[in-house]
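Taking it in order: structure first as structure tokens, then the write-up.
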Amino acid sequence: MPAEEQRRFSSLSPEDLWETENKYDVAIEQCFGQNRFLLKSQMHALVILNWKRQSEDLQSDIVNLGERKDLLSAFMKSAELYFLPHNLCNISDTSPESYAARLSRCRVIEITGKIDFDKAAALCISYIEQC
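If you're matching positions, the sequence shown starts at 716 in the working numbering and goes up one per residue.
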């Protein structure tokens, strides 16, 4: 993050910082080397971070998005970002039901409770090792 943005974010109150959404793409090749990014791959798991600033201890659960449609908005974006058909045409059905059906093929993990990046990372590694 550029120094100017670091200064700007450092001056925000915790409440204002919590409401700020600022994303950066990771320079994968610079950080991890060549040929580390696949444009096409099977998705085995999705982790949804649904934590709160002031909450109970971090927990994780495997969820069914068919039953937890409230979580779909955390993932739903333009469909071509996630699902490229073999013939590279656009997917016409981007409904919540279509997302839930496609995501039923992989493990969906909801992480709730207070923010704890170290514990969340350990939980993700544990789930990956189980796949």
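Quick reminder that beta carbons are idealized off the backbone N, C-alpha and C, glycines included.
Please read these numbers as outputs of a predicted model, since none were measured by experiment.
Next item on the list: Quick one: grab the DSSP three-state call for D831.
Entry: Looking at D831 - three-state DSSP - the assignment turns out to be coil, as it is neither helix nor strand.
Check: From D740 to C746, what distance separates their C-alpha atoms?
Finding: Cα to Cα, D740 sits roughly 12 Å from C746.
Note to self: Restricting to Cα atoms, I'd like to know which of I830, S770, R822 is closest to Y842.
What the structure shows: Closest in C-alpha terms to Y842, from the list I830, S770, R822, comes R822.
Item checked: Spatial neighbours of L764 in its chain, beta-carbon cut-off 6 Å, leaving aside the 5 residues before and after -> Cβ neighbours of L764 beyond the five flanking positions: I826.
Notebook entry, point to check: Hey, H759 and C846: beta-carbon distance below 8 Å or not?
Noted result: Taking 8 Å as the Cβ cut-off, H759 and C846 qualify as a contacting pair.
Checklist line | Contact check, S756 vs G828, beta carbons under 8 Å | finding: Against a cut-off of 8 Å, the Cβ pair of G828 and S756 comes out as no contact.
Next item on the list: In the DSSP assignment, find the unbroken alpha helix (DSSP H) run with Q745 in it and report its ends.
Entry: 743-747 is the extent of the alpha helix (DSSP H) around Q745.
Notebook entry, point to check: Rounded to a whole number of angstroms, what is the C-alpha to C-alpha distance between P717 and E812?
Noted result: Straight-line Cα distance between these residues: approximately 40 Å.
Note to self: Just to check my reading of the structure: S819 and G781 have Cβ atoms closer than 8 Å, yes? What is that Cβ distance to the nearest angstrom?
What the structure shows: About 6 Å; that satisfies the 8 Å criterion.
Next item on the list: Give the single residue among I830, D785, W766 whose Cα lies nearest to the Cα of Y814.
Entry: Of all alpha-carbon atoms in I830, D785, W766, the one lying nearest the alpha-carbon of Y814 is that of D785.
Check: Start and end of the alpha helix (DSSP H) containing L818?
Finding: Per DSSP, the unbroken alpha helix (DSSP H) holding L818 starts and ends at 811-818.
Notebook entry, point to check: On the premise that A835 lies in contact with L773, defined as a C-beta separation below 8 Å, what is that separation, rounded to the nearest angstrom?
Noted result: The distance from the Cβ of L773 to that of A835 is about 6 Å, consistent with a contact at the 8 Å cut-off.
Margin query: Cutting at 6 Å between CB atoms, please list the residues of its own chain near D808, excluding the five before and the five after it.
Written below: Around D808, the same chain offers no residue with a beta carbon nearer than 6 Å, after the five sequence neighbours per side are excluded.
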